[in-house]
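Undergrad: One point on numbering: in the UniProt record's numbering, the residue at position 180 of the sequence shown is 180, and numbering is uninterrupted.
Note that the Cβ used here is the ideal one computed from N, Cα and C, for glycine as well.
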Amino acid sequence: MSPAARSLLLSAARRQRRRFSTEAPSSTPQQQLPKGKRWDAVVIGGGHNGLAAAAYLARAGRSVAVLERRGVLGGAAVSESDLVPGFRFSRCSYLLSLLRPALIQELELERHGLKLLPRSPSSFTPCLDGRYLLLGPDAELNHSEISKFSKNDAGAYPRYEEKLEKFCKLMDFVIDSPPPEMRHEYHLSMVDRMKDKVDKSVFWSKLLGIVMQQGQKDMVDFFDLLLSPASKILNNWFEGDVLKATLATDAVIGSMAGVHTPGSGYVLLHHVMGETGGQRGVWAYVEGGMGSVSSAISKAALEAGVSQISVHHTSGKVQGVVLADGTEVLTSVVLSNATPYRTFVDLVPANVLPDNFLSAIKTADYSSATTKINVAVDRLPQFSCCKDFNPEGGPEHMGTIHIGSESMEEIDLAYREAANGVSSTRPVIEMTIPSVLDKTISPQGQHVINLFVQYTPYILSEGSWQDSNVRKSFAERCFSLIDEYAPGFSSSVVGYDMLTPPDLEREFGLTGGNIFHGAMGLDSLFLMRPAKGWSDYRTPVKGLYLCGSGAHPGGGVMGAPGRNAASVVLEDLRTK
1 MSPAARSLLL SAARRQRRRF STEAPSSTPQ QQLPKGKRWD AVVIGGGHNG LAAAAYLARA
61 GRSVAVLERR GVLGGAAVSE SDLVPGFRFS RCSYLLSLLR PALIQELELE RHGLKLLPRS
121 PSSFTPCLDG RYLLLGPDAE LNHSEISKFS KNDAGAYPRY EEKLEKFCKL MDFVIDSPPP
181 EMRHEYHLSM VDRMKDKVDK SVFWSKLLGI VMQQGQKDMV DFFDLLLSPA SKILNNWFEG
241 DVLKATLATD AVIGSMAGVH TPGSGYVLLH HVMGETGGQR GVWAYVEGGM GSVSSAISKA
301 ALEAGVSQIS VHHTSGKVQG VVLADGTEVL TSVVLSNATP YRTFVDLVPA NVLPDNFLSA
361 IKTADYSSAT TKINVAVDRL PQFSCCKDFN PEGGPEHMGT IHIGSESMEE IDLAYREAAN
421 GVSSTRPVIE MTIPSVLDKT ISPQGQHVIN LFVQYTPYIL SEGSWQDSNV RKSFAERCFS
481 LIDEYAPGFS SSVVGYDMLT PPDLEREFGL TGGNIFHGAM GLDSLFLMRP AKGWSDYRTP
541 VKGLYLCGSG AHPGGGVMGA PGRNAASVVL EDLRTK
């Protein structure tokens, strides 16, 4: 998300920007704010969570304004067409699965233009020795492919998937519910305090019921998954290096963590708990790029009554947002879709926040090791391990292509280099080619390729990401690695756009370049996100709420933080 106000009234903002768009900025004139209007709520940041919160508030009859700094609506879920002429890139996020089914249904996103393109097969791991592994929703394909490496693993894989699906059902309730924060709300009446206690008791009793349905062994296995390194979990299940490495990429993607990092098992679960068309763990492309997700949510919000506004950012009680030109946007409720650090360190005056809370926000882990490279090519890559020549696209081109992920040791080596401030010699690359299924984003016969690359530290031990030679060298390193698996890839590149961690921070407001608005370790989840005592979207500033990925349940194009935050705001407005 890209913050739209500079501080809270409480104090703030930058210059006004263009009208909202899900494409790159145009010359469309500014849309002015109605002078003197008092809004029921103002949302800082037009990312997908901010838009979702706005839509739910508007559906409840509240007047809502959404403020966005960039000329492109959607935060990290955007489509941009001005980077390489003729190509449309999903510039940051690039796949969809985690978006909550309830949100899709309640906001009628399909009616508002959301079209998902499921991938089958969904995963392809080429090997330098001429072998390859395809995986997807087809159980027979999975068995046949895994058997090429290990018959034992082929038998274990369905049980592994079944086990994870059980855990996902447990997580569904937690994800879709505001955390039962036990902080004392002294401003509430005795009746409201009693109701609050009842609501929290209901949450825990429902969760206990779901836990009891799992059985003791399953719950022990669940906690083992949460606490263990991904390597331990996968070594317990499988023996084949290629399968384990392919699955392990889900445990480390987007994080400054390795396969041996305790708790990385949860991130593995986090990336398989979504669904497409009712199929658990299936990821899809979005027709038109990820900006189509934000576009559909914004249309739902506008239909519900949200004003289409484009501005910039938001004294202990919220009074509103002040823009750079001095315009005051009046409201007693502000929802911030910015990162916790951006919200509380940059937007809220420090003297209104408790010291322990501010310290927790400042010392949270915002580290990132992720670089996104959006590539335009004049032809599809052809992989040496595949006998068939598929210029129009074969099974190997449909899903996520895992480059440099033939063993967990390879991934761990890449991580350890980055931990020492060195971008990985042989990066771990997740490569996707959405234009194979989506014909709207590239010229005929040419293609869009997403490279989600790890590991690239925010601060390099030698050199700087601001140095164009360093940037070019790393991009060419990635292209050369792909050449090893698909000869001639480098020569097919028409142009590219690269976002390193500092770029992600500068362009999209992602503190430290962290795509999740903060680490997804066990010390930063559920009742601990964003800080102990403040997990329920409320903040120490009365009237200020968090609605982005820095709040429960965390990152990904999920919409749950925005949806949950809106429910908390509406509850508070009813009890005022």
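Should Met-212 go down as buried or exposed, given a rule of 16 or more other Cβ atoms within 10 Å for buried?
TA: The residue in question, Met-212, is exposed, as its Cβ has fewer than 16 Cβ neighbours within 10 Å.
Undergrad: Starting from His-48 and walking both ways along the alpha helix (DSSP H), at which residues does that stretch end?
TA: Element bounds for His-48: 48 to 59.
Undergrad: Candidates Val-64, Asp-40, Leu-437: which alpha carbon is nearest Leu-51's?
TA: For Leu-51, the nearest C-alpha among the options comes from Val-64.
Undergrad: With a CB to CB cut of under 6 Å and the five nearest residues on each side skipped, what residues in its chain are close to Asp-224?
TA: Excluding sequence neighbours, Asp-224 sits near nothing in its chain.
Undergrad: Please list the segments of the alpha helix (DSSP H) lying wholly inside the segment 36 to 122, counting only runs of 4 or more residues, in order along the chain.
TA: Listed in chain order, the complete alpha helix (DSSP H) runs (minimum 4 residues) inside the segment 36 to 122 are 48 to 59, 101 to 106.
Undergrad: Using a Cβ-Cβ cutoff of less than 6 Å, which residues in the same chain neighbour Arg-88 once the five nearest sequence positions on both sides are dropped?
TA: For Arg-88, where only same-chain residues beyond five positions count, the Cβ hits under 6 Å are Ser-79, Ser-81, Gly-289, Ile-441.
Undergrad: Straight-line CA distance for Asp-221 to Ala-257?
TA: So the alpha carbons of these two residues sit roughly 22 Å apart.
Undergrad: DSSP on Lys-576, reduced to helix/strand/coil?
TA: The answer is coil: DSSP assigns Lys-576 none of H, G, I, E or B.
Undergrad: Give the list of continuous alpha helix (DSSP H) stretches no shorter than 4 residues that lie fully inside the segment 278 to 305.
TA: List check, alpha helix (DSSP H) in window: 291 to 304.
Undergrad: Between the C-alpha atoms of Met-498 and Gly-550, what's the straight-line distance to the nearest angstrom?
TA: Between Met-498 and Gly-550, the C-alpha separation is close to 24 Å.
Undergrad: Tell me, which residues are paired with Val-428 by DSSP?
TA: Paired residue(s): Gln-454.
Undergrad: Please check the pair Phe-489 and Thr-370, which I expect to be a contact at CB under 8 Å, by giving their CB distance rounded to whole angstroms.
TA: Wrong, their Cβ atoms sit about 21 Å apart, outside the cutoff.
Undergrad: By the DSSP assignment, the beta strand (DSSP E) with Tyr-496 in it spans what residues?
TA: Here the beta strand (DSSP E) through Tyr-496 covers 493 to 499.
Undergrad: Given a cut-off of 8 Å on the beta-carbon distance, is the pair Glu-328 and Pro-101 in contact?
TA: No.
Undergrad: Among Arg-159, Phe-203, Gly-75, Lys-362, which one has its Cα closest to the Cα of Phe-508?
TA: Measuring from the Cα of Phe-508, the nearest candidate turns out to be Gly-75.
Undergrad: In three-state DSSP terms, what is Phe-489?
TA: Of the three classes helix, strand and coil, the one that applies to Phe-489 here is helix, per DSSP.
Undergrad: Provide the residue(s) that pair with Ile-401 in DSSP beta bridges, ordered along the chain.
TA: Answer by DSSP bridge pairing, in chain order: Phe-124, Met-431.
Undergrad: Once the 5 residues before and after Leu-117 are set aside, which same chain residues still bring their CB inside 8 Å of it?
TA: Excluding sequence neighbours, Leu-117 sits near Ala-284, Tyr-285, Val-286, Glu-287, Pro-434, Leu-437, Asp-438.
Undergrad: Taking the alpha-carbon positions, what's the Lys-37 to Val-348 distance?
TA: If you take the alpha carbons of Lys-37 and Val-348, they lie about 23 Å apart.
Undergrad: When you compare each of Gly-513, His-552, Gly-543, Met-558 to Lys-532 by their alpha carbons, which one comes out closest?
TA: Ranking the options by Cα distance to Lys-532, first place goes to His-552.
Undergrad: What distance in whole Å lies between the Cβ atoms of Gly-113 and Ser-294, which are believed to be in contact at a cut-off of 8 Å?
TA: About 11 Å; that fails the 8 Å criterion.
Undergrad: On the CB-based measure, 16 or more other CB atoms within 10 Å of its CB, does Ser-27 come out buried or exposed?
TA: A caution first: Ser-27 carries a pLDDT of 31, below 50, which makes its placement in the model too unreliable to give a value.
Undergrad: Pull up the distance between the alpha-carbon of Gly-278 and that of Leu-164, whole angstroms please.
TA: Gly-278 and Leu-164: Cα-Cα distance of roughly 16 Å.
Undergrad: In the DSSP assignment, find the beta strand (DSSP E) that holds Thr-371 and state where it starts and stops.
TA: 370 to 377 is the span of the beta strand (DSSP E), which, as asked, contains Thr-371.
Undergrad: For Tyr-537, does the three-state DSSP call read helix, strand or coil?
TA: Coil, per DSSP.
Undergrad: Note down the Cα distance separating Arg-342 from Tyr-537, rounded to an integer number of angstroms.
TA: Rounded to the nearest angstrom, the two C-alpha atoms are 15 Å apart.
Undergrad: Please classify Glu-571: does DSSP put it in a helix, a strand, or coil?
TA: DSSP places Glu-571 in helix when its eight states are reduced to three.
Undergrad: Does DSSP put Tyr-132 in a helix, a strand or coil?
TA: Strand, per DSSP.
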